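When the letters of the sequence shown are read in order and numbered with the UniProt record's numbering, they come out as residues 1 to 415. Ideal Cβ placement from N, Cα and C applies to all residues, glycine included. Quantities reported herein were computed from a predicted structural model and do not represent experimental measurements. Structure first, commentary second.
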Amino acid sequence: MVYIAVMGHGVVGSGVVEVFYKNNKSIISKAGIDMDIKYILDIRDFPGLPYSDKFIKSFDPIINDPDIKIVVEVMGGLEPSYTYVKRCLMAGKSVVTSNKALVAAYGSELLEIAKNHNANFLFEASVGGGIPILRPISQCLAANEIKEIAGILNGTTNFILTKMISDGMDFKSALELAQKLGYAERDPAADVEGMDACRKICILASLAFGKHVYPEDVHTEGITNLTLEDVKYAEAWGGVIKLIGRVKKIEGGRISAIVCPAFVKKESQLANVDDVFNGIMVRGDAIGDVVFYGRGAGKLPTASAVVADIIDEAKHLGARKYIYWAPAEKGYVCDYKDMASSFFVRVKSHDKAMTLKAAEPLFGKITEAVCPDSPKDEAAFITQPMPEGQFERALASLSSLDINVISKIRVMADI
Ligand code: HSE
């Protein structure tokens, strides 16, 4: 019998227990070994549940019980998750987690500890909710040199953008609905400011390119400044605005990584990823583009990936898994200002022709962006790809001509 402890009985934790008992027969048969949840750690009381007798309020029984072979960490946040997970791995207990903050901050260290103590550290649910993505990258696509990964990695912001675009719902009401549905982080700023997507692109980058990428090294912008006018310009351009996390391999064994809202062409598979769904495009040298799509947040989709890791671990107890990445050297992630991007720029202007004429020498060749419903006192254009540092300087020069910049949004026509 394999005994499991679940740390945390919030949205994901309660989903894990629910799925584990609902599909228990087939789960046990797929694992090929009998298993049960022995403890559920949570400081709150949950009376009246069929498994209420399993609740504990202290970590001690978990770490001290040699029967516990698999520990599921679904508390979220860095502490006490980091301390508990580290202690479990050092005690040779395998850990399954959905905690992207933990993996993005301490992934290489925890993988190393797991390796040294013949345990496994599994975290399929930390990226893309229920979508299988980490195993496919590390196993099914292992023959490829991954060139880049670009994805819609946050369900809450995608849900908000979809509601704004399709239902004309305002930002605040859409966020409240996402929170009610259990998609948002405890602190929704992590969703709307892009941090959650940033942690996920860090995990994908670390796995795909073999070196740890820290969130603080990835330039991150959220969706809080987007307006319905920007959305309409994107539509007139032939696309949509999505919050994109993107990482690319560049010369010298380095990578570039960014999280930001971007214009994406309607033809892109990512453009049609709506609501709480996530979509992740992986570009390999042998396979070309492959896209993973599914529910990126929510109780049961996330639980689906956690329980799959539990099954996998129970099946291979004592055997080392395949996931590993090394610490990275300083400068491994290049400065985003050195990378070339194309931008959509919208400015206040009483004389469109003059504004565009003033912009051209600063930005190089530009294309006017037109939108049937745009306010009369505006001009908008799209630049050619240019280094972001150079773009920032051109934008400052434009502002110094008393031209007020309303928005600047990256254009990703190649994903
Ligand atoms: N808040 C996250 C999201 C939950 O909306 O995608 C899943 O990681």
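CA nearest to the CA of residue i, picked from the options
| i | options | result |
| --- | --- | --- |
| F121 | D217, G194, A319 and I415 | A319 |
| E267 | K232, Q179, F292 and W237 | W237 |
| N116 | A125, S94 and G129 | S94 |
| V71 | P47, S29, V16 and N23 | V16 |
| E388 | A396, A340 and S374 | A340 |
| G255 | A297, V247 and R44 | A quick correction: the sequence has Ile, not Gly, at residue 255. For I255, the nearest C-alpha among the options comes from V247. |
| G364 | V6, L153, P385 and A314 | P385 |
| G331 | H316, F123 and G252 | G252 |
| P132 | V306, H219 and P47 | V306 |
| I40 | P61, F344 and G32 | P61 |
| Q390 | K163, G155, Y336 and I28 | Y336 |
| N144 | M1, A314, H350 and D285 | D285 |
| L362 | L49, A396 and F20 | A396 |
| G77 | R283, L102, P66 and V11 | L102 |
| Y183 | E235, A91, N278 and K249 | N278 |
| C140 | I323, T355, H350 and K376 | I323 |
| A197 | I152, R295 and K30 | I152 |
| D274 | S166, T97 and I201 | S166 |
| S14 | F55, K25, V2 and Y3 | F55 |
| G155 | D36, L243, C202 and E79 | L243 |
| Y51 | S58, I33, K22 and V264 | K22 |
| L249 | N272, P261, Y293 and K211 | Looking at the sequence provided, one finds Lys at residue 249 rather than Leu. Comparing Cα positions, the closest option is K211. |
| H9 | F46, V2 and A91 | F46 |
| D34 | D191, R44, D42 and F20 | F20 |
| N64 | I203, G92, S173 and G107 | G92 |
| residue 417 | I4, K30, G32 and S407 | The structure shown does not extend to residue 417, since the chain is modelled only from 1 to 415, so the question has no answer here. |
Residues that DSSP places opposite residue i in a beta bridge
| i | result |
| --- | --- |
| S256 | K248 |
| R410 | A262 and F343 |
| N278 | G294 |
| A326 | K211 |
| T220 | V259 |
| G151 | G245 and I280 |
| P387 | A340 |
| L122 | V96 |
| Y3 | D36 and I68 |
| G288 | G284 |
| F381 | V345 and E368 |
| G239 | K265 |
| I146 | G284 |
| F55 | I40 |
| V405 | V347 |
| V333 | I255 |
Cβ separation of residue i and residue j, assumed to be a contact under 8 Å, to the nearest whole Å
| i | j | result |
| --- | --- | --- |
| L89 | L134 | 18 Å between Cβ atoms; not a contact. |
| V213 | A142 | About 19 Å; that fails the 8 Å criterion. |
| N158 | V276 | 7 Å |
| V347 | E378 | 7 Å |
| G222 | E193 | 4 Å |
| I68 | K86 | The Cβ separation is near 16 Å, so there is no contact. |
| L161 | I241 | 7 Å |
| T220 | V259 | 4 Å |
| A303 | V12 | 6 Å |
| E18 | D309 | With 8 Å as the limit, E18 and D309 do not qualify as a contact, their Cβ atoms being about 16 Å apart. |
| L111 | W325 | 7 Å |
| V282 | I137 | 6 Å |
| I366 | T355 | With a Cβ gap of about 11 Å, I366 and T355 do not count as contacting. |
| A150 | I415 | 4 Å |
| Y233 | F344 | 7 Å |
| G128 | I280 | 6 Å |
Contact test: residue i Cβ vs ligand 3 heavy atom, cutoff 7 Å
| i | result |
| --- | --- |
| Y183 | By its list of ligands, the structure shown excludes ligand 3, since it contains just ligand 1. |
Every unbroken alpha helix (DSSP H) within the region 72-113, with a cutoff of 4 residues, ordered by chain: 81-90
Minimum length 3: unbroken beta strand (DSSP E) runs contained in the region 8-51: 35-41
4 or more residues per run - each alpha helix (DSSP H) lying fully within the region 175-204: 189-192
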